[in-house]
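A.B. asks:
Protein chains: 2
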Amino acid sequence: MNQTTTTLSESELELMNAYWRAANYLSVGQIYLMDNPLLKEPLSKEHIKPRLLGHWGTTPGLNFLYVHLNRIILNRDLDIVYIAGPGHGGPALVANVWMEGTYSEYYPDVSFDEAGMTRLFRQFSFPGGIPSHVAPETPGSIHEGGELGYALSHAYGAVFDNPDLVTACVIGDGEAETGPLATAWHSNKFLNPERDGAVLPILHLNGYKIANPTVLARISHDELEQLMTGYGYKPYFVEGDDPETMHRAMAETMDRCFDEIAEIQRRARVEGVTERPVWPMIVFRSPKGWTGPKVVDGKPAEGNWRSHQVPFSTVRDNPEHMELLETWLKSYRAEELFTPDGVLLPELQALAPKGKKRMGDIPYANGGLLLKELRMPDFRDYALDVPKPGAVEAEAPKPMARFLRDIMKMNDKTANFRVFGPDETASNRLGDLFEETDRTWMANTIPADDHLSPDGRVMEILSEHTCQGWLEGYLLTGRHGFFSCYEAFIHIIDSMFNQHAKWLKVTDSEIPWRRPIASLNYFLTSHVWRQDHNGFSHQDPGFIDHVVNKKSEVIRVYLPPDANTLLSVTDHCLRSRNYINVIVAGKQPAWQWLDMEAAVRHCTSGIGIWEWASNDAGGEPDVVMACAGDVPTLETLAAVKILHKLAPELKIRVVNIVDLMTLQPKEEHPHGLSDRDFDDLFTTDKPIIFAYHGYPWLIHRLTYRRTNHPNLHVRGYKEEGTTTTPFDMVVINDLDRFHLVADVANRVESLRPQAAYIKQYVRDRLIEHKEYITKYGEDMPEVRDWKWEE
Amino acid sequence: MNQTTTTLSESELELMNAYWRAANYLSVGQIYLMDNPLLKEPLSKEHIKPRLLGHWGTTPGLNFLYVHLNRIILNRDLDIVYIAGPGHGGPALVANVWMEGTYSEYYPDVSFDEAGMTRLFRQFSFPGGIPSHVAPETPGSIHEGGELGYALSHAYGAVFDNPDLVTACVIGDGEAETGPLATAWHSNKFLNPERDGAVLPILHLNGYKIANPTVLARISHDELEQLMTGYGYKPYFVEGDDPETMHRAMAETMDRCFDEIAEIQRRARVEGVTERPVWPMIVFRSPKGWTGPKVVDGKPAEGNWRSHQVPFSTVRDNPEHMELLETWLKSYRAEELFTPDGVLLPELQALAPKGKKRMGDIPYANGGLLLKELRMPDFRDYALDVPKPGAVEAEAPKPMARFLRDIMKMNDKTANFRVFGPDETASNRLGDLFEETDRTWMANTIPADDHLSPDGRVMEILSEHTCQGWLEGYLLTGRHGFFSCYEAFIHIIDSMFNQHAKWLKVTDSEIPWRRPIASLNYFLTSHVWRQDHNGFSHQDPGFIDHVVNKKSEVIRVYLPPDANTLLSVTDHCLRSRNYINVIVAGKQPAWQWLDMEAAVRHCTSGIGIWEWASNDAGGEPDVVMACAGDVPTLETLAAVKILHKLAPELKIRVVNIVDLMTLQPKEEHPHGLSDRDFDDLFTTDKPIIFAYHGYPWLIHRLTYRRTNHPNLHVRGYKEEGTTTTPFDMVVINDLDRFHLVADVANRVESLRPQAAYIKQYVRDRLIEHKEYITKYGEDMPEVRDWKWEE
Ligand SMILES: Cc1ncc(C[n+]2csc(CCOP(=O)(O)OP(=O)(O)O)c2C)c(N)n1
Ligand SMILES: Cc1ncc(C[n+]2csc(CCOP(=O)(O)OP(=O)(O)O)c2C)c(N)n1
Ligand SMILES: [Mg+2]
Ligand SMILES: [Mg+2]
């Protein structure tokens, strides 16, 4: 499979190899040196960093690929984004971006000369310097590559709707063992060569991960070839360790691959071929730590896992290691690569593309630069008619779906909006989207298929990881998106959320040249309270808890209680930038509370008294009944009605929370209420009965500094559940109307005389409930048919 | 590839098909009926459940496979565990387990007759009944299958060290799209046919998931075959929709597969062949909702995604649907399958294995039955010699590694202990394990390889999902295990943790016949404070927050501050049952505080005053300095030293917390301190400065009900980080000794007069620190060389 014919001239080859040597030199320098970058003096203690931090093993391979991609860009005038799956190879990307001149443009202090080279070396993994990974700080990066697994889904996400872009996606053979990566290969069934760009996966088979060989390096050539073919690719193998041979083979192979990509795109775009093509990919088998020391302390280093991190440390105090380092550095013959002033020789500079074609400067990798506003209709036009609170029943996501559908339509030309989900779009009541678009599908179809097409803009694959990775890649390259998911299973991407939140935190607060991108919007539905078909395994509202641990600057959590608030919140989220927005709302038919005007007011404040449900106007209440989430809101209102009947004199204030972050102190979150505002809403001394959608402790964590916190009593999901009726779910978690009534009776001093009666009433109703559902299998009529009546 | 020769006799075929019809009948009955199970009366409203909940689509396929596996068990006297990846097909497993008689033995109320059948139907997805999935309630289940993706890793985990077991693992073609499943195929590179059992993966290619076709059903036969071959399997295709043909093909194929499995095992066990074999697997392509209604309301149902859940509802009020249901049920001709008393005909009963061979009654699936105590040396023998606090520096995991090594040795014969990790065992300082065992490895090897062998008992693959899935399968079948992982990346399995915690909660509290299994033990290291090589993406201590949302009965969290406490905690965790234990401790050289005796005392209480670090003996302190976690403990002690110097009269109490759950109220967690004990430790009115390993809010969430909570001030990780020095990491999160000193100065009233001086001292040190590290790249000598001196 290796190509033997050559396309590289001798001089080209020599230059490319020199370029590679320079990148390798600069990489080793970053890991080891803090001074004397050109080795003008003999290497000595003061030149060596006291702490040697970084990863060498993957770096020469990444460098090797960079210069070959540069050649492709120059020869073909292409736009390429480089994704380094092994993001721990930070030195490689930084070196190359510096060599092409980009780095000094973004960071003028790190100039393109000896002084700059000193800084370049010193800053790497150094306090006050730059991280060891291909972090947001690295120009050209959209992929930090710290947590392994997402390189390929990011790569695909980046090229959807970017027909002129190719991502070259380097995948570590270790990373290839992760689940998210193993399924991301199937993304080719969702890539339309007519409308989308292309991904060139390069499996970096350097044989090892941290301390183990990799699985894919230790199966037969045949098996690996079949695996890649089975995934739908045409694999090309570039294998060896002799630089010259490898340069020739890689140049030849890249030419073939890019020829094939061009041909696939031509067939689709010019000839109108619509079948899924077989895309090329490269298996790049080369030694880990290539060109590094062959042996360290008597053990193999090059071509071994031992070169994964820093191949040898204790350089300062170990003369042998000092010599080893010097020999290693000198093996690159820097004097043939740089002027005495530390400038890369002009003939080498010529190997890098210019301007925006440089992979370090490509605008796609700073997506905010390309971001176009999403065209959006007025969400008020999709309002559900709610003549009065509790008069209409509806499935909240449906109006939102129509809103999304029309956003889809309005941005059809710009092609910068997609909806993602793990096979739940229809089930989550977003089916109206299919009036405007289809599901993306490039695999085989049959006539009975439902809304599948290569042009679809709804992306469904049963992999939350892939959905998340695609969406991140899509957003990071300057587009907009929306992710709907079962609430419980969004935990599958907890760690991916972490990484994206960290990326946003850094870009938002520390990297001015990174322009804001569209927010990542989650719509979590099929939530804990309505898992009628499923049960305990599908009941988990904890994603919110996970989210609020991240920087308050980048996270937002909304619990709209009905359709119009959901619409308003959705509109807000889609307009926002650099956030992660979490929206939680049910999909089942439910009572509607607010007309659009009230909904907008309520969502704009994020929290507020529902006057129509309260009877304490003009004075202080006896109790505050707070609620956040659709089901808790229903139960609270039903409890209020019962209390009105049982204790008509009781003054109740109903407070509904849409924006959970309002509960936090202002100093903790930009949406936080001031203490004064909080105290005015919740009083400073009255009992608060708080019905919350999720784990109750979260409310305490958000409010423990508030004046009235000692009187706050929260009900929520306490990890009880099974397949049962909707009302029984709230009952077994003590969140139902009856428990709430009892909570009030237990805490309001003025009810003391009646408390026993009230609690007996509650007990009786709960017994009735259990008996009824066990007999009839559905909720009691008084619950099923409950209605808010003025 | 389909077999045309037949091995089934006509009568066998007829009986098997009848058995299948019976299972299908009982499945439909469970979904739809609450009475009239044998249709002795014409179907009418009262017989139909008011809420129709469940999943039909996958069910006939699961039933089909069950009867074929029964045949294999009978013919070959095998032990087979059935794993239903599409666990939503609960009715199938329940039906079959009932038909083989197991169900009535476990649940005598659901007897093996008409009354039992009525209950069987009624209870399914019914309040007070059973869940819709293959839940812990289902005899024979070790896999609930609610959250898709883990079937195959569970299947492999179950057969490691169980040479006589085969798991038949049904994988939905939808589930096959998930990341965890896509990589779990590679588990065959870790399965040793000599010592382990076998897995027969059956890819259930019914073409659809919820509302979409599946990727694997819509690639060519060739691609699918190559994919499976590439994964290292020999795929057999059984494809079609004619029951007779399919029965013949399946019987033939299963015979082949089990022949091959037997032959592989024979070669390995008798002939000593050590190469990785190519294991068989089955691609079972059959219609979704097979034998269900072909058309519902004018739309295709059988063979379409529309039959995924309940193919049609509103039966009670829709005469057409009522008729459809009756026709459907009658198509199975129950009268030919059951006696008028609802007993399965004896000739059909004969098709099920007997006793413990029944898949519903197989002891492997109730692992606690088989659980053998882990033989363990006295952990005290591994104690680190700590002559006095702070006199010795050590890497805490190392003594633990030696302890684990010897546990490995002592249980070598019983072969019921393994250690799991994503390629980090050595890096996490557990390398001493390799003195006793190797890494499991069945793929190719080369001479330079390090401790790889088919007999290794350390399982490393770069997939946290696979490690977790293997371990769960291993534990659920009655063995012991230990999982070490980078702290940040354990979030990758957040959702898997959820599912296992839910499983344990249900088995522990609700299912007496499920015997306790060994706890799932996490050792989280390379933690947030010491990501020297990596940086921000590797910094996340939030797994603890995630864990504490689950039922307190099943979760435990430990933060041992040094080596001896880590040993003691590890011993405790390995002896425990039905828990998930989370242990967090660093791997870097660090000061040691407690000798073994003190460590045991401290760990047994879980929390305590460190007298040697306190100077308030005999009275009340001015301030309580609490700490949990190794790095916070170090900073607290260093702060105490500074305070002793700056304010010698200040009375400081140092409280260290190993067992985080002691902080919670007793009512919330079995380890929680009583309020009295808590108040005695933390006082009721003195400032508490709490230095915590993770996100500080968690401490508030655990303690908000405690008397002295208003005076509690917590420092922890506030999501600031990068690649920097160890001390700078605590500084940028305000957790360092200097900030702690300032916190004390800010809060202790008696220090008021000196506060300005103290705070200026702190400021100056912090400025010095920043200047020093930016210049020298490592921490100031006073920090690096800090030592606790009496
Ligand atoms: C999800 C995840 N688990 C574990 C790690 C720890 N880790 C860092 S690098 C590495 C090995 C990577 O091997 P490979 O992908 O082959 O990269 P390369 O050989 O090019 O360095 C591991 C396991 C990680 N970064 N991410
Ligand atoms: C991780 C995860 N994501 C989403 C779901 C929701 N869900 C339930 S069943 C299903 C389709 C399953 O399809 P398949 O595996 O083919 O099973 P079958 O066709 O046999 O029902 C989906 C997406 C889930 N259960 N788990
Ligand atoms: Mg590698
Ligand atoms: Mg399917």
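Those sequence lines, one after another, are chains A and B.
For the first sequence, the positions run 1 to 790 when UniProt numbering is used.
For the second sequence, the positions run 1 to 790 when UniProt numbering is used.
Where is the CB? At the ideal position from N, CA and C, for every residue including glycine.
The structure presented is a predicted model; accordingly, all values stated were derived computationally and were not measured.
Compare the C-beta of B/S27 with all C-beta atoms of chain A and state if any pair is closer than 7 Å.
C.D. replies: Locating residue 27 of chain B in the second sequence gives position 27, where the first residue counts as 1. B/S27 does not count as touching chain A.
A.B. asks: Please confirm if the stretch 349-362 of chain A is in contact with the stretch 100-119 of chain A, defined as three or more CB-CB distances below 8 Å between the two stretches.
C.D. replies: Short answer: they touch.
A.B. asks: Can you name the residues of chain B whose CB is closer than 8 Å to the CB of A/D449?
C.D. replies: Position 449 of the first sequence, counting from 1, holds the residue named residue 449 of chain A. Going along chain B in sequence order, the residues near A/D449 (Cβ under 8 Å) are P213.
A.B. asks: Less than 7 Å between C-beta atoms, sequence neighbours within five positions excluded: which residues of the same chain meet that for B/T722?
C.D. replies: If you number the second sequence from 1, residue 722 of chain B lands on position 722. Excluding positions up to five away in sequence, the list reads G535 and F536.
A.B. asks: Flag this pair as touching only if the stretch 659-676 of chain B and the stretch 694-710 of chain B have three or more C-beta atom pairs under 8 Å; answer yes or no.
C.D. replies: In short, these stretches touch, since the Cβ pair count reaches three.
A.B. asks: For A/V315 and B/D450, I'd like the C-alpha separation in whole angstroms.
C.D. replies: Within the first sequence, numbered from 1, the residue matching residue 315 of chain A stands at position 315. Within the second sequence, numbered from 1, the residue matching residue 450 of chain B stands at position 450. Cα-Cα distance, rounded: 25 Å.
A.B. asks: From the DSSP output, in three-state form, read off B/S537 for me.
C.D. replies: Position 537 of the second sequence, counted from the first residue, corresponds to residue 537 of chain B. Reduced to three states, the DSSP call for B/S537 is helix.
A.B. asks: Less than 8 Å between the CB atoms is what I'm expecting for B/C485 and B/E436, so what's the real figure, rounded?
C.D. replies: Working through the second sequence from its first residue, we reach residue 485 of chain B at position 485. Working through the second sequence from its first residue, we reach residue 436 of chain B at position 436. Contact flag wrong, Cβ pair sits at about 21 Å.
A.B. asks: When you compare the CB of B/M780 with every CB in chain A, is at least one pair closer than 7 Å?
C.D. replies: For the purposes of this step, residue 780 of chain B is taken as residue 780 along the second sequence, with counting starting at 1. Taking Cβ atoms only, chain A never reaches closer than 7 Å to B/M780, which makes this a no.
A.B. asks: Shorter than 7 Å from the beta carbon of B/H204 to some beta carbon of chain A?
C.D. replies: One-based indexing of the second sequence puts residue 204 of chain B at position 204. Taking Cβ atoms only, chain A never reaches closer than 7 Å to B/H204, which makes this a no.
A.B. asks: By the 8 Å beta-carbon criterion, what residues does the stretch 211-237 of chain A contribute toward chain B?
C.D. replies: Cβ contacts with chain B: A211, N212, P213, T214, V215, R218, I219, S220, E223, L224, E225, Q226, L227, M228, T229, G230, Y231 and G232.
A.B. asks: Give a single yes or no on whether A/L462 has its beta carbon closer than 6 Å to a heavy atom of ligand 2.
C.D. replies: Locating residue 462 of chain A in the first sequence gives position 462, where the first residue counts as 1. Yes - ligand 2 has a heavy atom lying nearer than 6 Å to the Cβ of A/L462.
A.B. asks: Of the residues B/G367, B/R276, B/V744 and B/A617, which one's Cα is nearest the Cα of B/F690?
C.D. replies: If you number the second sequence from 1, residue 690 of chain B lands on position 690. Measuring from the Cα of B/F690, the nearest candidate turns out to be B/V744.
A.B. asks: Give the range of the beta strand (DSSP E) segment to which A/D109 is assigned.
C.D. replies: In the first sequence, residue 109 of chain A corresponds to position 109, counting from 1. From DSSP, A/D109 is part of no beta strand (DSSP E); its letter is neither H nor E.
A.B. asks: So, is A/R479 buried or exposed, given that buried needs 16 or more other C-beta atoms within 10 angstroms?
C.D. replies: On the first sequence, position 479 is the one that residue 479 of chain A refers to. Answer is buried; the Cβ neighbour count reaches 16.
A.B. asks: Sort B/V548, B/K550 and B/G629 by Cα distance to B/T525 and report the nearest one.
C.D. replies: Locating residue 525 of chain B in the second sequence gives position 525, where the first residue counts as 1. Out of B/V548, B/K550 and B/G629, B/G629 has the C-alpha closest to the C-alpha of B/T525.
A.B. asks: Report all residues from its chain with a CB closer than 7 Å to the CB of A/P541; omit the five preceding and five following residues, and keep chain order.
C.D. replies: Taking the first residue of the first sequence as position 1, residue 541 of chain A is located at position 541. For A/P541, where only same-chain residues beyond five positions count, the Cβ hits under 7 Å are E487, H527, V528, H693, G694, Y695 and Y717.
A.B. asks: Would you mind telling me which residues of chain E sit closer than 7 Å to B/H669, beta carbon to beta carbon, in chain order?
C.D. replies: Absent here is chain E; the protein component of the structure consists of chains A and B.
A.B. asks: Quick one: does the C-beta of residue 804 of chain A sit closer than 6 Å to a heavy atom of ligand 3?
C.D. replies: What the structure shows of chain A is the stretch from 1 to 790, and residue 804 of chain A is not part of that stretch, so it cannot be assessed.
A.B. asks: Any heavy atom of ligand 3 closer than 6 Å to the CB of A/G146?
C.D. replies: Along the first sequence, one-based indexing puts residue 146 of chain A at 146. Outside the cutoff, so no.
A.B. asks: Since B/D202 is in the beta strand (DSSP E), which residue starts that stretch and which ends it?
C.D. replies: Taking the first residue of the second sequence as 1, we reach residue 202 of chain B at position 202. Contrary to the premise, residue 202 of chain B reads as Ile rather than Asp in this sequence. Note, B/I202: beta strand (DSSP E), A198 to L205.
A.B. asks: Any beta carbon of chain A sitting closer than 7 Å to that of B/G355?
C.D. replies: Residue 355 of chain B sits at position 355 when you count from the first residue of the second sequence. Judged by the 7 Å Cβ criterion, B/G355 is not in contact with chain A.
A.B. asks: Grab me the residues of A/V295's own chain with a C-beta within less than 7 Å of its C-beta, minus the 5 sequence neighbours each way, in chain order.
C.D. replies: Working through the first sequence from its first residue, we reach residue 295 of chain A at position 295. Hits under 7 Å: A301.
A.B. asks: Please state whether DSSP places B/A155 in a helix, a strand or coil.
C.D. replies: Here residue 155 of chain B is taken as the residue at index 155 of the second sequence, counted from 1. Reduced to three states, the DSSP call for B/A155 is helix.
A.B. asks: Return yes when the C-beta of B/D173 is under 6 Å from any heavy atom of ligand 4, and no when it is not.
C.D. replies: What you label residue 173 of chain B is simply residue 173 of the second sequence in a count that begins at 1. The answer is yes for B/D173.
A.B. asks: Residues bridged to A/I689 by DSSP?
C.D. replies: What you label residue 689 of chain A is simply residue 689 of the first sequence in a count that begins at 1. A/I689 is bridged to A/M625 and A/H713.
A.B. asks: Three or more C-beta pairs closer than 8 Å, one from the stretch 278-286 of chain B and one from the stretch 240-260 of chain B: is that the case here?
C.D. replies: The answer is yes - the stretch 240-260 of chain B touches the stretch 278-286 of chain B, with three or more Cβ pairs under 8 Å.
A.B. asks: Can you tell me whether B/G179 sits near ligand 1, meaning its C-beta is under 6 Å from at least one heavy atom of the ligand?
C.D. replies: Start at 1 with the first residue of the second sequence, and residue 179 of chain B comes out as number 179. Checking every heavy atom of ligand 1 against the Cβ of B/G179, none is found closer than 6 Å.
A.B. asks: List the DSSP bridge partners of A/H480.
C.D. replies: Indexing the first sequence from 1 puts residue 480 of chain A at position 480. Answer by DSSP bridge pairing, in chain order: A/F417.
A.B. asks: My guess is that residue 798 of chain A and A/Y231 are in contact by the Cβ rule of under 8 Å, so how many angstroms apart are they, rounded?
C.D. replies: Residue 798 of chain A lies beyond the stretch modelled for chain A, which goes from 1 to 790, so this question has no answer here.
A.B. asks: In the stretch 321-393 of chain B, which residue ranges form an unbroken beta strand (DSSP E) of at least 3 residues, counting only runs that do not cross its ends?
C.D. replies: None, since the stretch 321-393 of chain B contains no complete beta strand (DSSP E) of that length.
A.B. asks: For a contact defined as C-beta to C-beta under 9 Å, what are the partners of A/I544 on chain B?
C.D. replies: For the purposes of this step, residue 544 of chain A is taken as the residue at position 544 of the first sequence. Going along chain B, no residue has its Cβ under 9 Å from A/I544, so there is no contact; the nearest lies around 10 Å.
A.B. asks: Please report whether the beta-carbon of B/M1 lies at a distance below 7 Å from any beta-carbon of chain A.
C.D. replies: Within the second sequence, the letter at position 1 stands for residue 1 of chain B. Low per-residue confidence applies at B/M1: pLDDT is 34, beneath 50, and the placement is therefore not dependable, though the value from the model is reported in the following sentence. Not one chain A Cβ lies under 7 Å of B/M1.
A.B. asks: For ligand 5, is there a heavy atom less than 6 Å away from the beta-carbon of A/G89?
C.D. replies: No copy of ligand 5 appears in this structure; the ligands present are ligand 1, ligand 2, ligand 3 and ligand 4.
A.B. asks: According to the neighbour-count rule (16 or more other Cβ atoms, all chains shown, within 10 Å of its Cβ), is A/D571 buried or exposed?
C.D. replies: Taking the first sequence and counting its residues from 1, one reaches residue 571 of chain A at position 571. Result: buried.
A.B. asks: Could you please tell me which residues of the stretch 301-334 of chain B, in chain order, have their CB closer than 7 Å to any CB of chain A?
C.D. replies: Under the 7 Å Cβ criterion, the stretch 301-334 of chain B contributes N304 and Q309.
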